[in-house]
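Numbering-wise, the sequence shown is residues 501 to 1420 according to my numbering.
This report concerns only the one structure given below.
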Amino acid sequence: MVRARRIWVTAAAVLAVAGGSSGWSAQAQQPPESKPLAAVTDGSLPPGWRIAGKPTAPQLVWRSSAPVPMGDARVEFRSGGRLLGVPAPGKDEHTFRLGIDGVRPADLKSLEVWSGGRRLDAAGATGASSARSAARPPAPLPANAVDPGKPGSYRTATGEYSLKSVRLPGFSAPVEMRAVVVAPTGATGRRPLALFLHGRHSTCYVPHGEVTGEWPCPRGSKPVPSHRGYLSDQKLLASQGYVTVSIAANGINGQDFAAEDGGAQARSSLVRLHLAQWANWADHPEAAPAVVRNAPRADLSRVLLIGHSRGGEGVNRAALDSLYPPPADQDGYHGKVRWHISGTVLIGPTVFGQNPVPDVPSTTILPGCDGDVSDLQGEVYVDGTRAVSSGTALHSAVYVIGANHNYFNTEWTPGKAQAPAEDDFWDDPDHRDPVCSKRAATRLTPDQQHKAGATYIAAAARLFVAGDDRVRPLLDGSGRRAPSADPARVLSHAVGAHRGAGFLPDGKVSVTGGKLCSAVDPSPAVACLGRGAKGASPHFAMWETDKEAGRHAIALRWTSAGSVARVKTAEPLSLSGSKALALRLFVPPNSTGTQLDVSVTDTNGRRATLGRAHADGLPGSERTASYWAREVRVPLTAATRAGLDLRHIKSMELTARSRKGQAWLMDAWGWRPGTPAVRTAALPRVDVGRATVDEGDSGVRTYRVPVQVSGQGSGQVRVYVFDPATGTAKNRVVTVRPGGHDIDVPVEVKGDTRYGADVQHDIVVKAIHSAVVGSYRGGITVRNDDPAPKVTVTPVADKVKEGKTLKWRLSLSEAADVDLSTVFTAVPVTGTELSTKDVDPHWLAEASVADPDPERPLSKASVYLWVNVPAGRTSTEVDLPTIKDRVTEPDESVSLKQMDDSGTPLPDGVTLNGTVLNAS
């Protein structure tokens, strides 16, 4: 998927010389195996970067020195902190290419490569950690009364089914309908169904060979059996009476790089296509595959969806689509919904859309040593549901200290997988991470991690599907552990369920003695995690824009005991009926001993101190997202004894009792035990589309970004509109209603007859209150419909004495609206050819990977020249400076031939010919 807004980048590396274009310096384009080329800005492109592609369709290319395996987090190119786009990966797991139209050299300053909140390029990779001492795991929590990780009483049976492949919108190749089933034997009656969906991983492999991301798999290779990586989780659930199915999605993984939503809608379609089959088989078991026919009938009114990584985002979308149908043209399933999603489990999930389903209970497992989705953006499945709907669904986050991304799937685990696999948390042997290196005390083994994952999947099944409230303390921040998950340290917090009114930084609150900070903002003075933070926070994971409205926390910093921070709501809130005030609070990683007294005041001015909150930081390093909130509860009994009117609480105070410290408050809620029945609200659904239009030759036309609003009722969403030239976004809150045109984003398109770049006008949408969002991004793509100008060459000084400069003028048949470039390479000549020691060594260093020695013809020195004509200009000059030597030699010639995208000289291309005469 390429981010829709286009940056004007046709050639960051150019060759344009003195004369008519004074100030431009010689630059070069190099082949994949060559060194990075220099840019026309103040210096050169960073190591690993170059410009490639056709003259009118250039690409920004980054090559990593280490493999970047196919994973779930998107690889993103950024410039100056702004998103350039999402590049297409190469088969070699090293090379990434982003199509770029036009050029302004300034647009390629401070190039960076990011993935899942982690910087990948060498200039920013954080191999070393400032926390040099080994981290220690926290003390184990008290055991819960019920342990869902214990196997049940049923034996299990395993088998597979394979159906006819399906076609999904936007995907050219069919997607497989294949799954592995594990079911209980001897179970009577209809049994709940648990469906697993794996994440984005390599799709094909050659036994004892390499893996690829191709689809369909080439001859001689096999599909990676990612869907078989949850067999132990399936067997645990099946022993407890669940019918389980894990579905394959290699066909999506091999094609989703071009999907605007990263494949979320396609994965949802695939999940629901399987559920539809199970609904058919439940009614007509004689038509089912043998493995399904031999299993108990599935109860489609009790379905749990479990998704790993992009599979997590996929099952979230499937739950959304099951309640609020998507637009038919975007969907691969068009039948009735004959199932009910009781809950979801999301393992290290992506959340590109930041659009969690508010009224379907969820548990999100956050791996503390995730090296793929390393910003732990899945926290948004908790934080992003606040105040969106009724709030009756429990949304839980489970933080597993020492777990990586891959080991929840045995087919992604070295030593267990059929295909090649690896640890996604890269460990620098010279700078061992104190938390996540393989030998760290906090790091889990593959078996320990998988056992913990299975236990907490079973906990969610028991709570969401079976309705056993006794396992809730494992998921909702009550501070209990499941012994089956030992020795893993697993922590939790939650929103929703029996949490009532609360102090929400995103709402109408005022803060004194602290700072109402922004989760995502480029200004350190405004951002919640400013300068000095060692690591990241899952609560502040970035989205589509570098400055986001409506996401806040409260930052506290004190230098003496007794400092008070006060949070006051615009309207009094009611804590009546609550048993405690539940705060989600975090302190810096590896810190200990933070103490805060918690007090509340009612509208009559009566104040009561409820208790003292104790907070320790999680084990963390610069490479982990350990700024994560623990849930702390203080009982309301003191407020009741003091006679406070709990129906009218106006403020909360946090008083520091430790000498100095720092803390962040995510929210505070009135809490009481129990899990209420979920009330599914009738909500409007927003889906943004994309339209492509031609610019035309004249006049001004106005187009509108296509947006559909379906469902029921009205709600509020926040709309971000990006400026295609600068990448900056403006936002506004819009009230939407089904069938309405409340999100009105006009785009004016001015026609002309000059060649230019395609321009994309993007918007993204996020739900705020009483609404849901499906397709969250789209816009208008304005397609250039004018032919590129023709290029001709005129000799300026094509016969010079040595020591002088060869010059040519490149001219366009007409000016263009973007910089235009073409690439030349040195080819053999008849007679004596100019050599590597006949040209200026600085020019050679920029034009080639070659050293002057040993001396050889330029055609043997991999010379590649990228020549640029700036926008609005019709010509530029190219020079080749030579050097004078003391050797008597014959006249020497050079021929620079225009080449195609593959690096082959064009037979009918433009040629720069020159001759250098002996000076003596």
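A virtual CB, placed ideally from N, CA and C, is assigned to each residue, including glycine.
For clarity, every value in this text was computed on a predicted model and none was experimentally measured.
Cross-strand partners of residue i (DSSP beta bridge)
i	result
residue 1166	Partner(s): none; residue 1166 has no beta bridge.
residue 1412	1396
residue 1194	1283
residue 1329	Answer by DSSP bridge pairing: none, since residue 1329 is not bridged.
residue 1307	1297 and 1379
Residue i - containing beta strand (DSSP E), residue span
i	result
residue 614	611 to 615
residue 1095	1094 to 1102
residue 751	Careful: residue 751 lies outside any beta strand (DSSP E), inside the alpha helix (DSSP H) at 750 to 753.
residue 1315	Unbroken run through residue 1315: none, as it is neither H nor E.
residue 1015	1015 to 1018
residue 691	691 to 697
residue 791	Element bounds for residue 791: not the beta strand (DSSP E) but the alpha helix (DSSP H), 790 to 793.
Local Cβ density within 10 Å of residue i, reported as buried at 16 or more and exposed below that
i	result
residue 1266	buried
residue 567	exposed
residue 1174	exposed
residue 1408	exposed
residue 548	buried
residue 1060	exposed
residue 1159	exposed
residue 520	Model confidence at residue 520 stands at a pLDDT of 29, short of 50, so the residue's coordinates are unreliable; what they give is reported in the following sentence. Answer is exposed; the Cβ neighbour count stays below 16.
residue 853	buried
residue 688	exposed
residue 643	exposed
residue 756	buried
residue 610	exposed
residue 947	exposed
CA-to-CA distance, residue j to residue i, given in whole angstroms
i	j	result
residue 651	residue 1130	29 Å
residue 874	residue 663	35 Å
residue 1029	residue 1232	25 Å
residue 1299	residue 1417	7 Å
residue 1148	residue 1105	10 Å
residue 1069	residue 1165	15 Å
residue 489	residue 1230	Residue coverage of the chain in this structure runs from 501 to 1420, which leaves residue 489 outside it and unanswerable.
residue 697	residue 1404	44 Å
residue 1110	residue 1140	10 Å
residue 522	residue 1400	With a pLDDT of 23 at residue 522, under the threshold of 50, the modelled position of that residue is not reliable, and no figure is offered here.
residue 1203	residue 763	27 Å
residue 1225	residue 584	11 Å
residue 1261	residue 1284	14 Å
residue 1101	residue 915	58 Å
residue 930	residue 937	11 Å
residue 1342	residue 897	57 Å
residue 735	residue 998	32 Å
residue 902	residue 771	30 Å
residue 1192	residue 912	39 Å
residue 1137	residue 1066	21 Å
residue 1094	residue 1116	6 Å
Beta-carbon proximity of residue i to residue j, cut-off 9 Å
i	j	result
residue 1286	residue 1370	no
residue 760	residue 1185	no
residue 995	residue 891	yes
residue 1335	residue 1348	no
residue 1156	residue 1062	yes
residue 779	residue 805	no
residue 1438	residue 900	Look at the range of the chain in this structure, 501 to 1420, and you will see that residue 1438 is not part of it.
residue 848	residue 872	yes
residue 844	residue 882	no
residue 704	residue 680	no
residue 579	residue 621	no
residue 673	residue 590	no
residue 894	residue 972	yes
residue 648	residue 978	no
Closer than 8 Å: residue i CB and nearest the ligand GDP heavy atom
i	result
residue 1128	Of the ligands one can find in the structure shown there are none, so the ligand GDP has no counterpart to examine.
Span of the alpha helix (DSSP H) around residue i
i	result
residue 822	810 to 823
residue 1141	1137 to 1141
residue 1341	1341 to 1347
residue 1357	Note, residue 1357: premise wrong, no alpha helix (DSSP H); not H, not E.
residue 946	946 to 960
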